[in-house]
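Peer 1:
In this note's numbering, the protein residues as written are 18 to 191.
1. Okay, do the segment 105-113 and the segment 140-150 touch, 3+ Cβ pairs below 8 Å being the bar?
2. Using a 10 Å radius around the Cβ and a threshold of 16 neighbouring Cβ atoms, would you call residue 43 buried or exposed?
3. Per DSSP, what kind of secondary structure is residue 100 in: helix, strand or coil?
4. State the beta-bridge partners of residue 113 as determined by DSSP.
5. Given a cut-off of 7 Å on the beta-carbon distance, is the pair residue 102 and residue 73 in contact?
6. What's the C-alpha gap between residue 117 and residue 93?
7. For residue 163, which of 75, 56 and 86 has the nearest alpha-carbon?
8. Would the segment 131-143 count as touching the segment 48-65 if we require 3 or more Cβ pairs under 8 Å?
9. Can you say whether residue 169 is buried or exposed, counting buried as having 16 or more other CB atoms within 10 angstroms of its CB?
10. Who are the near neighbours of residue 171 in its chain, counting only those whose CB is closer than 6 Å to its CB and skipping five residues on each side?
11. According to DSSP, is residue 145 part of a helix, a strand, or is it coil?
12. Could you give the DSSP three-state label for residue 38: helix, strand or coil?
13. Between residue 45 and the ligand GDP, is there a pair consisting of the residue's CB and a ligand heavy atom that are separated by less than 6 Å?
14. Suppose contacts are defined by Cβ-Cβ distances below 7 Å. Is residue 107 in contact with residue 71 by that definition?
15. On the DSSP bridge assignment, give the partners of residue 171 in chain order.
16. With a CB to CB cut of under 7 Å and the five nearest residues on each side skipped, what residues in its chain are close to residue 84?
17. Can you tell me whether residue 198 is helix, strand or coil according to DSSP?
Structural data, given as structure tokens:
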């Protein structure tokens with residue numbers, strides 16, 4: 018009898034869970050990994066999730082622009098997420114940035130100041146590798162091929178804007 022009660026409760030709980038609507042899924046996924054982001058700005062107009070490769074010259078240009086433009090930072094919050102381009106060997110660099118004492122300052126010194134870092138003796142912790150793997154899994158769902166990749170959510174809007182490709186949160190045009 019206990020078995021049937023437990024089975025019934027398990028089935029009831031399974032069906033009682035509300036699935037995330039497909040249009041809200043990208044935002045929910047991004048919010049879940051935002052705790053691993055390096056944030057620039059504290060503006061309330063938009064949350065902009067930016068996937069960059071620290072060795073990509075276009076990612077460097079964007080980070081320079083965001084860092085130097087305080088007005089952008091006053092109006093938006095930029096959540097910088099490290100995601101490797103397949104053609105660049107940046108895995109160790111991303112791990113180094115995340116494990117540093119101040120990831121934002123390290124990111125700035127590497128990407129803007131172009132500091133050269135010797136990573137020959139650096140070995141990342143397993144936790145850091147898991148974080149980057151989690152970011153990678155979310156990134157793979159977003160249909161991106163280039164860096165930087167940006168996906169922006171304006172305040173109180175369920176829709177998004179993306180720098181390339183498609184996303185479930187894009188507003189359907191009628």
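Glycine included, C-beta positions come from ideal geometry on N, C-alpha and C. Note that the structure is predicted; figures quoted are calculated from it, not measured.
Peer 2: Taking the geometry as given:
1. yes
2. buried
3. It is coil, neither helix nor strand.
4. In DSSP, residue 113 forms no bridge with anything.
5. yes
6. 25 Å
7. The shortest Cα separation from residue 163 among 75, 56 and 86 belongs to 75.
8. Judged by Cβ distances under 8 Å, the segment 131-143 makes no contact with the segment 48-65, as fewer than three pairs qualify.
9. The residue is buried, with at least 16 neighbouring Cβ atoms inside 10 Å.
10. 63
11. helix
12. Low confidence applies here, because residue 38 scores a pLDDT of 41, under 50, leaving its location unreliable; read the following figure in that light. Coil at residue 38, not helix or strand.
13. Inclusion of the ligand GDP in the displayed structure is not the case, the ligand content being empty and no account of it being possible.
14. yes
15. 63, per the DSSP bridge assignment.
16. 57, 125 and 129
17. The chain is shown only over 18 to 191; residue 198 falls outside these bounds and no answer can be derived.
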